[in-house]
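This report concerns only the one structure given below.
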Amino acid sequence: MNYQADPEQSLSEAVLEAVAVATDVDQLALADEFDPLYHAIDPSALDSLFRERCEADRAVGSVTFEYAGFLVSVDRTGQVTLTS
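Per my numbering, the sequence shown starts with residue -9, numbered consecutively.
Laid out in structure tokens, this is it:
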């Protein structure tokens, strides 16, 4: 499943929304159903990973981790890919 983050949406919010859609579990119930996202990845680190900075262009690449039974990949464009 692919999910494109809204430009105003943080990457951690995009991951939660994608998992909620894929599992048909309300986003607020995800932590109860699958553990909090921070057990898989630091949400603040994920949100800042691709934030552009003036001194260095780190807005390239992707990050992959496991959460809620999915292999979750997030890239610099805000594309979230869930693979079971």
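Ideal Cβ positions, reconstructed from N, Cα and C, are used throughout, including at glycine. From a predicted model like this one, the values you see are computed outputs, not experimental measurements.
Test item: CB-CB of residue i and residue j under 8 Å
i          : j          : result
residue 16 : residue 10 : yes
residue 52 : residue 62 : no
residue 12 : residue -9 : yes
residue 0  : residue 37 : yes
residue 59 : residue 4  : no
Residue i classed as buried or exposed, judged by whether at least 16 other C-beta atoms fall within 10 angstroms
i          : result
residue 48 : At residue 48, the pLDDT of 48 sits below 50, so the modelled position is not reliable; the number obtained from the coordinates is stated separately. Classification for residue 48: exposed.
residue 28 : exposed
residue 18 : exposed
residue 2  : buried
residue 35 : exposed
Between the CA atoms of residue j and residue i - distance to the nearest angstrom
i          : j          : result
residue 30 : residue 6  : 12 Å
residue -3 : residue 26 : 23 Å
Residue i: CB within 7 Å of a non-hydrogen atom of the ligand MN
i          : result
residue 26 : The model depicted lacks the ligand MN and carries no ligand whatsoever.
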